[in-house]
Amino acid sequence: MTIDITEIMDLIPHRYPFLLVDKVVEIDPNKSITGIKNVTVNEPQFTGHFPARPVMPGVLMVEAMTQLAAILVAKSLGSTKNKEVFLMAIENSKFRKVVQPGDTMHIHATIDQQRANVWKFSSTVKVDGEMAAESKFTAMIKDKS
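With the sequence shown counted from 1, adding 5 to any position gets you our numbering.
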């Protein structure tokens, strides 16, 4: 099953310039998800990071991983219309390859553990089949107030 940008925008609240998942290419609810982010030179972070040699900031790669995980949560729960997903912790992030404009980030996230409203994930970003980044993180799902 694939999920296009229109449905992604129905599932998570992020918008330009902070929506960092372009498409979901595979999903197995309650287990894992794979998506893509096409990195373009027109993105605002590249005006300052770094003008002479644009590099995708590591924190934005982690943000893309967490957004993809939020889509997995939404699909696993059936909906998050009355829920909010909050990041609680980021652990063991590693950045192994420079990501730059023109690259396609292949992002994968797996649910490692779910206890009540706390979910733990492992995630990776690959570019051209090479590991670019990896991270583990924890999120809490809460009812909207």
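Even glycine gets a Cβ: it sits at the ideal position worked out from N, Cα and C. For clarity, every value in this text was computed on a predicted model and none was experimentally measured.
Length of the line joining the Cα atoms of residue i and residue j
| i | j | result |
| --- | --- | --- |
| E89 | T71 | 13 angstroms |
| T109 | T39 | 13 angstroms |
| I10 | V26 | 8 angstroms |
| H113 | S128 | 5 angstroms |
| V130 | S150 | 33 angstroms |
| S81 | N47 | 33 angstroms |
| A57 | Q105 | 12 angstroms |
Beta-carbon gap between residue i and residue j smaller than 8 angstroms
| i | j | result |
| --- | --- | --- |
| I95 | F142 | yes |
| A144 | L73 | no |
| R101 | A69 | no |
| M97 | S140 | In the sequence on display, residue 97 carries Asn and not Met. For N97 and S140, yes; Cβs fall inside 8 angstroms. |
| G83 | V44 | no |
| I116 | A75 | no |
Three-state class that DSSP yields for residue i in the structure shown
| i | result |
| --- | --- |
| M136 | strand |
| E89 | strand |
| F1 | Residue 1 lies beyond the stretch modelled for the chain, which goes from 6 to 150, so this question has no answer here. |
| A94 | strand |
| I17 | coil |
| S37 | strand |
| M6 | coil |
| K131 | strand |
| A144 | strand |
| A69 | helix |
| T45 | coil |
| K149 | coil |
| A75 | helix |
| K102 | coil |
Given residue i as reference, the closest of the options once Cα atoms are compared
| i | options | result |
| --- | --- | --- |
| K42 | M61, T115, K80 | M61 |
| M86 | I32, Q105, I13 | Sequence check: residue 86 is Lys here, not Met. When only C-alpha atoms are compared, the closest one is I13. |
| D133 | R120, D117, H111, S140 | H111 |
| K147 | K36, A79, S98, S37 | A79 |
| V31 | E139, V67, L77, P18 | According to the sequence displayed, residue 31 carries Glu and not Val. It is L77. |
| M6 | H19, D15, I17, V29 | V29 |
| G63 | A57, Q50, A75 | Q50 |
| N35 | E135, Q119, V123 | Q119 |
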